[in-house]
Every structure is written in C-alpha cells, then in structure tokens.
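Residue numbers (the working numbering), protein chains in the order written: chain C, 3 to 166; chain G, 3 to 807.
For every residue, glycine included, the Cβ atom is placed at its ideal position computed from N, Cα and C.
Values in this document were obtained by computation on a predicted structure and should not be read as measured data.
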Amino acid sequence: MPDKMHIKVTVNGQDEEFLAEPRELLIYALRERLNLTGPHVGCETSHCGACTVIVNGKSVKSCTMFVGQANGAEITTIEGLGSPDALHVLQETFREHHGLQCGFCTPGMITRAHKLLEENPNPTEEEVRFGMAGNLCRCTGYQNIVKSILAAAAQMNGAQEAAE
Amino acid sequence: MKDEVESRDDRVANLKGLGSARKRVEDVRFTQGKGNYVDDIKLPGMLHGDFVRSPYAHARVKSINIDAAMALDGVVAVLTAKDLEPLSLHWMPTLAGDKQMVLADGKVLFQGQEVAFVVARDRYVAADAVELVEVDYEELPVLTDPFEAMKSDTVLREDLEDGADGAHGPRRHHNHIFLWEEGDKAATEEVIDSAEVVVEEMVYYHRTHPCPLETCGAVASMDKVNGKLTLYGTFQAPHVVRTVASLLSGIEEHNIRVVSPDIGGGFGNKVGVYPGYVCSIVASIVTGLPVKWVEDRMENLMATAFARDYWMQGKISATKEGKITGLHCHVTADHGAFDACADPTKYPAGFFHICTGSYDIPVAYVGVDGVYTNKAPGGVAYRCSFRVTEAAYFIERMIEVLAMELNMDAAELRRINFIRKEQFPYQSALGWEYDSGDYHTAWDKALTSVGYDDLRREQAERVEAFKRGETRKLMGIGLSFFTEIVGAGPVKNCDILGMGMFDSCEIRIHPTGSAIARLGTISQGQGHATTFAQILATETGIPADSITIEEGDTDTAPYGLGTYGSRSTPVAGAATALAGRKIRAKAQMIAAYLLEVHDDDVEFDVDRFVLKGAPERFKTMKEIAYAAYNQAIPGIEPGLEAVSYYDPPNMTYPFGAYVCVMDVDVDTGTTDIRQFYALDDCGTRINPMVIEGQVHGGLTEALAIAMGQEIAYDDLGNCKTGTLMDFFIPTAWETPNYVTDHTETPSPHHPIGAKGVGESPNVGGVPAFSNAVHDAFRAFGLRQAHMPHDHWRIWQIANDLGLHD
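So this is what it looks like as structure tokens:
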C-alpha cells in the first residue's frame, strides 16, 4: 500500500486536513471523510456530472480527480452554495420551475449551473444547454432545468441592475 | 373570525389540493444536497462489499481460490456459493417464478455474473481484494441469439430438469422458458388468411436498460443483540423485499425492517432482488457488522435488470378501406440467463396483450416464447407497466406498415380504427376491459395543434426538392397514439410471488389539525410527498402544506406492493382518497355533535362541515381534529385516524397522442427534432406541474431508447455497452423542448378518476420518434428498420435505399 499523503484543502470556506492514499478519489474524500454527501457518484467515468464540485474556480467532476491532485485546493460543493436561511438563487429557481425530480443529479447540476452563470452571466438557451451538457439527468428531460437556470440568470441580472 | 372573511375560493386555494401546481416539498432538501440516498448511509463499523464478476458469458467455474484475497490487510470475508449453500442462499427465487444464482454455482451464464463477494474495511480494499480472487474458468459455447438458442444443443440451464415443466407450463427445448398465449389463434388465422389486405413484419424492440442515475445498492445491518435485521436499499417495493427476505433467511418478518431512503430514480431497475442485497445481508450476519454494497455504473449496466429484447413477428389484416380485421403476433423474448422479469405471476409476458392498442380489432392472438441466452437476466418494466412499451411500439409500427401497404395516411388509418367513445367500457379481443377513453377528440386536438395537413404538404415538397437535388435532408412526421394499462392490479389477477398487488394508506390527524400519512409505495422522484398530500387535502380539508407524507419504512408504513408500473396513483392514490373519506366520515359525526345537530344535517365544504342551509354555522377540520382528541363525545372513540387498503376493481387505461417532426440528414444520418407535441390523458390531474415534468422526462428516456440507447453484446457475449461512453443518455444538448397538452377523461372506477401518467411518455414516445425516422424514408419505400436509430444506422437506411448513389 502506498504511503498516505497529508492533504490540506479548503472546502466551503473551511480548512480541512487528513491523511489519505493518493489514489483516493476526491468524491470519496468529500463524501466519506468530510460527510459532504451532496455530490453523488453516478458513473465514476466523468460522464454524468452528479459529482460536480468547484475546484479552484473550475467545474470539476470529483469522481475522476484524485484527492492528491486536489491538495491545497479551494473547493466548493453544493453545501457551500446556500444555507437553509439564505438559499442560492438557483436553489430557489430549481424548485420554482420544477427543475428536479429524484434529486440525485441536482447538487451537481446546481453547482455546475452556478459556475456557468459566473462564466456567462447572461446565457442564451443554447448556451445553457451546451454549458450543462456534462451533467446528465434521467428524470426531467432538461427542459425545466434550462428554464430554472435562465430564470436564475434573469433574477441575478435584475438584482445586479437594481444594485447599480 | 378570520375564516368568515376568507372567500370560498381562497379556502380552496389554501388547501393546494387536486389540480394545484403545488411546488414540491422534496425539493427543499434535494436542492441543498441534503437528500439521503443509500450511499449516504454510514453506520458505525460499516464494512464494504464488492463482487468478483465473471469475464465470460458462459463458462464452467473449476475452482475459486480466495487465499490471496483473504491475506490482504483489511479483508474480512470472501463469500462464494459454497458458503451460501448451507443457508440455501446460493440460489434465490426470481420474481418470475424461476431461480437465479446468487453466486456462481459451478458455472457462469452471463458476463458480469456474480462469482464471489468480498467484504472489507473500505471500498478500496474490497476492490483490491476482488483482483486477488483467483477463479479458474473453462469456457463453454456462448448463445446470444434467442433463435439460435432454441435450436442449439448447448444446455444453458443444467440445473433445470430436462423435459420438466417450468413455472409457466411446458418447455419444449432445454433453452425454452415458456410459451404464453392469449386470444383466439384459429379464428385470427382464419380472418387473416381470407383478408383483403395483410401485412407481415418483424418488429424488434432492442435490449436496453433503465439506468437510473443512482445505481442499485444496500446497507444490511444485523443486530445480533436484539436479533433484528435492518436493510436499507434502493427498493421500489420495500415491503415485498421484507417478506422475501424473511422467507429466504428464516428471520421472522417482524424482526426485519426494510427502509427505502431517497431513491435516485428507479424506472424499473430497482424492482427486482439482486445478489448484492442477499450477499450484504449474509455478510452482515456473518460479520456482525453493517455491510454496504453499492454497484458501480458498469455493474449496473451489465448485471442488474435490463429491459425489452422482444422480437415481435406481426401480421395485421384489413379491408381495402383500411378497417382492421385481425392481429396476430408471435414474440421471441430473450430473457437472458435467468427469467428474472418483474411481471405479475399470471402474466409471464406482462401486459403485452394490450398490443391491440387503441384500435377496435375484432380478433387477435398473441403468443410469447421466452428463451434463455447468455445475457444478463431481467426484462423489467423500464418506465412502463410490464411489457406495455413493447406492445405499443409493436402496434404503432404495424399501423404504419399497414398504412404504407394501403397507401393511406397513417393518421387517417388510426382515426378510422380507434375505439369509439361510446364503446367504453371496451372489451378487447385479448381480454382487457378498457375503462374510459375519447381517442378521436384527443387525436383531432393533436393534429390540429401541430398543423398536420401543412406538415404533410411541407414534407411532400421536401421529397420533391430532395429528388431535384436541392436538399439532402428529409422530413419525418412521427405519429403515435397509445393506450396504456397501468395500476396493477386487481388482486384476483395480479400478484408477485403470491403477494396480491393492492396498496395502502394510513392517516393520522394530529390534535392541532395537521397530519401524517404513510403509504405502501415509495417515490423515486415522482414527488409523492407533494401529490399524495394534495389528494388528502381535497378529501379531508386539511391544507397539503400541513400534511407529511412518509413512505418506504416497513416498520411504520402500511404494507403495499410499491411503486412501478404507474401503479402509485391508481392504487395507493385510491387508498389515500378512501382513507381521507374515512376521516371525513368520522369528522362529520364530530361536527354534528359540536353543532348539536343530526349527522345528516351537516355537509362538507372545502375545509369544514357546515350546517345545511346555514353555512355561517360550521366547524373547521382544525376544530374537529382538536375535539376528536380532547372532548368526550358519546359513542365516538377518541382520535382521528384511518387506514385503507385498496384492491382496484380494474386497471386504468391512460392514453395519449404524440407527434414528432424530425429532419433527417441523409448523408450523415443525423437528426434534428424540430417539434414534439405530446397530448396526455391521464384522467383527473392531481398536479399539472408534476405531470408536465413526468412527460418531459419520459419523452427524453424514449428519445434515448429510440435514437441510440442499447445494451449490445458481441458473439462471445461481451457486453459492449457497459459505460456511459457507450450507453447513450441524451444530454441537455441533444434533448429538444417538448410541447405538452392534455385532455381529461376520468377513470370511472377510481375514487378520484386519476389514471397515472409517469410511464405514458415512454410508452408513446418511442413509437413517435421511431415512426418519424421511418416516415422520413417512407417515400423511398422503407418499411421497417430496427432501433436504435443512431446516426450510423440511419446512414445505413439511406444507403440501403440507394440514396447515396
């Protein structure tokens, strides 16, 4: 068995450190060591996106990143996007527009959508569909997911304009 | 009083009852990543299980050496069939009356079959140990084609006595499972032999897989101190799992608690009992520690239940004017290595005999031969009610082929053959009683909405332009009109392993007028916590927001047969409404006592009982609930609870009309879905938002199946589609926007008239997409091309038709 690595990461603003085999996947470190069970394992081949988190400002499928590769990184999961008292806009619009059913893809979906709207605050429907193509959903047919994301963009832009 | 200033409309709106597009209560936790799925469960000391699986599709297992695996630090146990045999758990019964190896007993019959179960400290050690188990195989001839299997000397199931009957009657070959027949064969053949027009076609509905985003898994925890087994798992039928677990293990049923936590999609994949569940239970009993088993995606696609794989040889006859006179169908059904279909016992081909569809066909016959091959077992109802999808695809293809033969418009052919409104309840030639329908109205609405005549004109112009060399794109108009049969089912007809398919609801009204209701079903994304509360709100006058819905814990929920086959609303929904009515009946007596009048002098009004003729005198349900607990009422026992077990008198028959308009690039085989219109009639609509969501999702699964998704094997029985790289799931990019519509024809026998909708779009969607592809090439003579219609296969169609010359 290879030596364990000393891993230091910042997850949702919280500093974490632990020893782990370098081969351990980031998703299992998050889920099983840090008890952040929002991101899910759907395929372990980076196709489905249920495990999507943000690593150093980029959307990353945490099922195909070794925890060793994430050493020193700043990580955001669904648990870091909003709180029960202050939901993220996307958490509200997904509910409002019925953008989820079984909920298994939802944390990855919202985490990716959050990043997408940072990359492109005013996307067209086509850009949303393209930008979300790394996240699979088996329940919704995407129509209401797209609607939820466009609604969130409109709300965030509206709030932005109001602030200016 | 506040209530007095509230209008009746306000009071109705406050309930968020039937018909309200109520936002889902589930979403609050799911959007925050606070769902609780099986793999989220973490118990103290929990071990992890993982399978050694067969790389061969057919081989003798000569020896298994576990020494190296056991020597690995962190490995606790390695189970093989030999370890399970003393417990009689090396084989288990399937839901179809067959039996299946839990762990390889002398041989393996499909690639990915479970051979040994490794139990270790964590999932990494378990995976390492799997690699260290040495299995010596001797390869045997592989049969992947059911037609070949029926001729081959190779015996797949050596455990079955040659010549002995199977669970469904005589077997005429060692690889044969059953022949199941319905209808009048002789009369059908006579009609077809003497008909003016007959067409014959082989319609293949390929093997695919439900592939929910969450794979299957379980956590078993045997508490040796109190003798109780708790089993968490991805179970679409938790109560059935408890009973089966009890029968298999000998643990008394009261000592088993089965919990289905949140389920990340099921679509039929999570109905069956898998070796992983059995092995985690045994491992927990052996080790005394909780054991988790969660399959990975490859295991899910290769080893847990597939769907379809039906070769349907059809003959349909008609008059020259297009009136259908008879339908004949013979199916060769590839069941894989074990018959593990999830069908009601009496129906080894499920409800396939709904294959006369929406049409008034006077005589019909269907025969289904089930066959063993070296493929994974299953044959589950992937988002459909037991082979209804196959049936709908079959008849909707046969209609199209007949329309071609008659040189008729396929929409018109459907119209002249629809069962007419006044014929309901309609007795079909294959034995069903359709409860209600108005097909002509739905069809006309659909065709008008899409501008059908204009589309046909545009299509004709496109064909001419194509012939002139001005375009390389053809246009297909895919039509589909389907009738489903859901809500299994009357107990007299429908059971699984002897367990009658009723369902249940138990309600407790709290003193302050809020409530909890528990059901025998389990949501996998359908939103039961939202919609069942709506049924109760309308029935009891308690706002849906004040009603908690719980499912999936067998220690607390009433016994029920679970959620699949669109049965939750037709069966458990009915139980819910009737339990609500029991609450209301008692509430009426309490209200009358409080108002000091006779029971018959008060009537229910939204959220209260009012004195007839004097609505200013009333008692709200809140007041009644408080009184039920806290006031001594002569002749009435305290409390306000009810339970209802519902055995439906008939199944329900949702229907719908779908139109898909598609451009097809002849040179690349790519397609562009320009328009998809879906009209669904699911009877009374409980929550239009949820219905629309179900339709979007079901259509997208249909898109996947029709246009690219398959479980394919090579000649050696290697599964070629074991990852999401090869197994097509559409992304947001490939998926079109859908237009949804509805008509509303309530079920006459369901307490609230609801029929169920979750599976309709998959049942009706597949023929709509497939017919669009076929229709694009109709002008060039294409009669039948097998799904999935991926780019390569569409290119081949064009090539075979000489369109690349």
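Within chain C, 135, 138 have C-beta atoms less than 7 Å from the C-beta of residue 733(G), given in sequence order. For the set 790(G), 128(G), 769(G), 305(G), the Cα lying nearest the Cα of residue 391(G) is the one of 769(G). Residues of chain C whose Cβ lies closer than 9 Å to the Cβ of residue 702(G) are, in chain order, 139, 140, 141, 142, 143, 144, 145. Secondary structure within the region 255 to 343 of chain G: the beta strand (DSSP E) runs of 3 or more consecutive residues, fully enclosed, are 258 to 261, 293 to 296, 309 to 320, 326 to 338 (chain order). Using a Cβ distance threshold of 8 Å, residue 369(G) and residue 181(G) count as a contacting pair. At a beta-carbon threshold of 9 Å, none of the residues of chain G lie near residue 114(C); the nearest stands roughly 11 Å away.
The Cβ atoms of residue 425(G) and residue 267(G) do not sit closer than 8 Å to each other. When the beta-carbon positions are compared, residue 265(G) and residue 524(G) come within less than 8 Å of each other. Contact annotation for residue 52(C) against chain G: 215, 216, 266 [CB-CB distance below 9 Å, chain order]. Around residue 321(G), no beta-carbon contact reaches into chain C at under 7 Å, the shortest distance being about 40 Å. Burial state of residue 145(C) is buried, judged by a 10 Å Cβ sphere holding 16 or more other Cβ atoms. Contacts with chain C at 8 Å (Cβ-Cβ) do not include residue 793(G).
With 16 or more other Cβ atoms from the protein chains shown falling within 10 Å of its own Cβ, residue 14(C) counts as buried. As computed with DSSP, residue 711(G) is found in no beta bridge at all. Counting C-beta pairs closer than 8 Å gives fewer than three between the region 113 to 120 of chain C and the region 691 to 708 of chain G, which falls short of the contact rule. For residue 797(G), the enclosing alpha helix (DSSP H) covers residues 793 to 802.
Residue 541(G) counts as buried, since no fewer than 16 other beta carbons sit within 10 angstroms of its beta carbon. Bounds of the beta strand (DSSP E) holding residue 16(C) are 16 to 22. Residue 133(C): not part of any beta strand (DSSP E); member of the alpha helix (DSSP H) spanning 127 to 133, first to last residue. Secondary-structure assignment with DSSP links residue 60(C) through a beta bridge to 57(C). Within the region 542 to 583 of chain G, the complete beta strand (DSSP E) runs of at least 3 residues fall at 549 to 553. By DSSP's assignment, residue 77(G) forms a beta bridge with 122(G).
It is roughly 23 Å from the alpha-carbon of residue 75(G) to the alpha-carbon of residue 65(G). For residue 698(G), the neighbours in chain C by C-beta distance under 7 Å run, in chain order, 142, 143, 145, 146.
Scanning its chain for C-beta atoms nearer than 6 Å, with the 5 sequence neighbours on each side dropped, one finds around residue 440(G) the residues 423, 747, in chain order.
Secondary structure in the region 405 to 457 of chain G: the alpha helix (DSSP H) runs of 4 residues or longer, each lying completely within the stretch, are 412 to 419, 441 to 452 in chain order.
Put simply, of 78(G), 79(G), 109(G) the residue whose alpha carbon is nearest the alpha carbon of residue 93(G) is 109(G). Assigned with DSSP and collapsed to three states, residue 744(G) falls in strand. Between residue 790(G) and residue 712(G), the gap from beta carbon to beta carbon is short of 8 Å. Of the candidates 148(C), 110(C), 127(C), 65(C), the residue whose Cα lies closest to the Cα of residue 698(G) is 148(C).
Here residue 472(G) carries a coil assignment [DSSP, helix/strand/coil]. The Cβ-Cβ distance between residue 692(G) and residue 529(G) falls below 8 Å.
Of all C-beta pairs linking the region 370 to 382 of chain G to the region 323 to 340 of chain G, three or more are shorter than 8 Å, placing the two stretches in contact.
Between residue 642(G) and residue 630(G), the gap from beta carbon to beta carbon is short of 8 Å.
The beta carbon of residue 20(C) sits no closer than 8 Å to any beta carbon of chain G.
For the pair of segments examined, the region 679 to 695 of chain G was found to touch the region 740 to 759 of chain G: the number of CB pairs separated by less than 8 Å reaches three.
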